[in-house]
Structures are given as C-alpha cells and as structure tokens.
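Residue numbering for the sequence shown follows my numbering, beginning at 9 and increasing consecutively.
Glycine is no exception: its CB is placed at the ideal position from the N, C-alpha and C atoms.
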Amino acid sequence: MRRLVAETSVEPRHLVLPVFVADGIDAPQPISSMPGVVQHTVESLRTAAAEAVGAGVGGIMLFGVPKPEDKDGVGSGADDPDGILNRALRTLRDDLGDTTVLMADTCLDEFTDHGHCGVLDDHGRVDNDASVERYVSMAVAQAQAGAHLLGPSGMMDGQVGAIRAGLDGAGFLDTGILAYTAKYASAFYGPFREAVASTLQGDRRTYQQDTANRGEAMRELELDLAEGADIVMVKPAMSYLDIVRDVANVVDVPVAAYQISGEYAMITAAAERGWIDRDAAIVESVTSIRRAGASIVLTYWATELATRLL
Ligand code: PBG
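So this is what it looks like as structure tokens:
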C-alpha cells in the first residue's frame, strides 16, 4: 500500500555520480575522509563509469586532480587539452558515447596552486572578471574534450552568461550548462578538499553564499536563468533543503542538488560506528532531497543506489 501511494520516487536516471580522476598515480588512491570513494586513474575511471552506466545512472560528473607540480596561479591545467580532466573526458566520451550525460566541473580550484576557484589580483583577492575569462577557456576545452554538460562551480558573477557566449562562439551550441546557482560556503566540503588535494588556506566566503541567506539564492537564480542556465543546482543538499524547495517552486528548468562529501562522510562514519543503519540512511537522505524538489541528485552513492533500485 505504501508503495502504491508514495509521492516521491528515486530512480537510477535521477542520480549523478561525481568522480575524481588524478594524474600521476598508477593505482586508485583511497580518500580517507570518504571511505569507499577513490581518486581514480584514467583506467579505473573507465571501469567505474561503465558500472555507473550499467546501473542506469543519469550522468557522471568529473573532477580532475593534477599533479601538485602542475598547479600554478592561473590553473593552466584546466584548459590544457592534455590536462588530466580533459584527457579523462575524452577517454570517457570515446567509451560511453551518448549513453549517459558526461559532465565536467568547470572550476579552477583543483588546478590553482593557491586553491581558490579563480585567479587572484595583486592584493591576493579573487578577481571575478579575470576568473570568468579563464572559465570560458576551460569550458571550451571541456566541450572539445566531449563533455555534454558543464558545471561552473566557482560562483563568480556573470560566469554562466560568459560561458554560454563562449561555447556558442566556438560552435558548441548543444553543450549545456548546469549552473551552481546557490552554492553555500559550507563546512561540509571538508572531505572534498582531501579528495582533490586542495591547497586552499582560509575559505571561500567572498564568493560563495552565506548560510544565513535565503533570499540571496533567489537573486542568484534569476541571474543564472537570465544568463542561460539549462539546469540549476543547490549545494550542499541536506542543510539547504529549504532552498531546494524555494527554487523548485519557481523555476521551469530542472533542479539539481548535490549531496556533498561531508554529507557522505557523516552518514558513512556514523554507520561505521553502528550508530545508524547505513542503507536506510542513504535511501532516506536521497529521497528527502528528491522530495524537497530536486529532479537530479548528485551523490557519491549513485552507482550503489541505482544498483539497489534496479
Ligand atoms: C569547486 C567544488 C567544490 C565541490 C564541488 N565543486 C569545493 C568547494 O567549493 O570548496 C564540493 C563537492 C563536495 O564537497 O562533495 N570546484
């Protein structure tokens, strides 16, 4: 009876698997704060991607981890066609074709030696407009490498419009934009910093949103839609379900939410101690994000959950 009347469902196609691919390693590297998640080699990524597609996930989101010595002030590895992320995109697109939506993180933080999402000005502050120029170059390189959908996650003003214009100008009319619309400066990104070997000192509060703000998310939303976002995202998910609902109530584009590294780590750690039922907590958390209004959920459990749902 409950199944018959359930209002919310989670299907494999709703789930997107975020993955990390690292340069200069010859075997997958565990991420200690995200048990079960690894930095992949390109080869192990191919296997993980094939499994995800086999389980029916809706998409795969790639993050690149360059060698430490390849990081620099402007994140040169990001738009280098031979940079780790672009190489991995090309390989996966060759393998998978159009069987899933191949997504790329369009952000500089993994590639800069200071770990910020943009380039810095003479005072060491993130320079919005100079950063956006770098994103455009990165976006075109990712589209060339075969990404179907780009995820600008740097929260620079004007990033969606500039990337849209850059893609169109380079002939990538069909490459879409998954805009990180309301991305909050969150303590729950902690494990991700380990996952991408981030060098960041300090925080991102000058460009990511303040936890206290709800109306601001609506202003960010209006801008992203006007600039041409195809899908809008709220992140993190579980501490921001009210924002997911606010956004879902007013938009007519699909809404995504990202169950981030810290959310994964919390549930995993509590389950390891036997304090909560892992499998039930995974289903409950993802269902709650869907119930809040997300049609798409990025989660590190995507393949596992999709397999369970098959
Ligand atoms: C920035 C980016 C971050 C995440 C996704 N894209 C880190 C940040 O903003 O500090 C976090 C994802 C996660 O925590 O799972 N490229």
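Just to confirm, is the Cβ distance from residue i to residue j under 8 Å?
i: residue 69; j: residue 317; result: no
i: residue 258; j: residue 240; result: no
i: residue 291; j: residue 265; result: no
i: residue 175; j: residue 157; result: no
i: residue 252; j: residue 238; result: no
i: residue 24; j: residue 65; result: yes
i: residue 39; j: residue 202; result: yes
i: residue 217; j: residue 193; result: yes
i: residue 308; j: residue 42; result: yes
i: residue 7; j: residue 190; result: No statement about residue 7 is possible, as the shown extent of the chain runs from 9 to 318 and does not include it.
i: residue 147; j: residue 114; result: yes
i: residue 107; j: residue 61; result: yes
Which residues mark the beginning and the end of the alpha helix (DSSP H) in which residue i is found?
i: residue 200; result: 198-203
i: residue 270; result: 269-280
i: residue 295; result: 286-299
i: residue 239; result: Per DSSP, residue 239 belongs to no alpha helix (DSSP H); it is in the beta strand (DSSP E), 239-243.
i: residue 343; result: No statement about residue 343 is possible, as the shown extent of the chain runs from 9 to 318 and does not include it.
i: residue 250; result: 249-258
Among the options, which one has its Cα closest to the Cα of residue i?
i: residue 15; options: 300, 135 and 288; result: 300
i: residue 91; options: 47, 150 and 129; result: 150
i: residue 215; options: 162, 172 and 168; result: 162
i: residue 73; options: 247, 17, 29 and 24; result: 29
i: residue 204; options: 71, 44 and 62; result: 71
i: residue 58; options: 263, 105, 33 and 188; result: 105
i: residue 246; options: 226, 263 and 267; result: 267
If you drop the 5 nearest sequence neighbours on each side, which residues of the same chain put their C-beta closer than 8 Å to that of residue i?
i: residue 142; result: 82, 83, 86, 87, 116, 126 and 127
i: residue 199; result: 39, 41, 42, 269, 270, 272 and 273
Residues in the same chain with beta-carbon distance under 7 Å from residue i, minus the five sequence neighbours each way, listed in chain order, please.
i: residue 2; result: As shown, the chain starts at 9 and ends at 318. That puts residue 2 outside it, with no answer to give.
i: residue 98; result: 153 and 154
i: residue 298; result: 16, 18, 22 and 305
Along the chain, where does the beta strand (DSSP E) that runs through residue i open and close?
i: residue 184; result: 184-191
i: residue 47; result: 46-48
i: residue 72; result: 67-73
i: residue 9; result: Segment: none, residue 9 is in no beta strand (DSSP E) and carries neither H nor E.
i: residue 113; result: 109-114
i: residue 315; result: Where residue 315 is concerned, there is no enclosing beta strand (DSSP E), although the alpha helix (DSSP H) it sits in stretches over 310-317.
Nearer than 7 Å: is that true of the beta carbon of residue i relative to any heavy atom of the ligand NAP?
i: residue 268; result: Annotation note on the ligand NAP: not contained in the displayed structure, which lists the ligand PBG as its ligands.
Kindly list the residues whose CB is nearer than 6 Å to the CB of residue i, restricted to its own chain and excluding five residues on each side of it in sequence; keep chain order.
i: residue 278; result: 284
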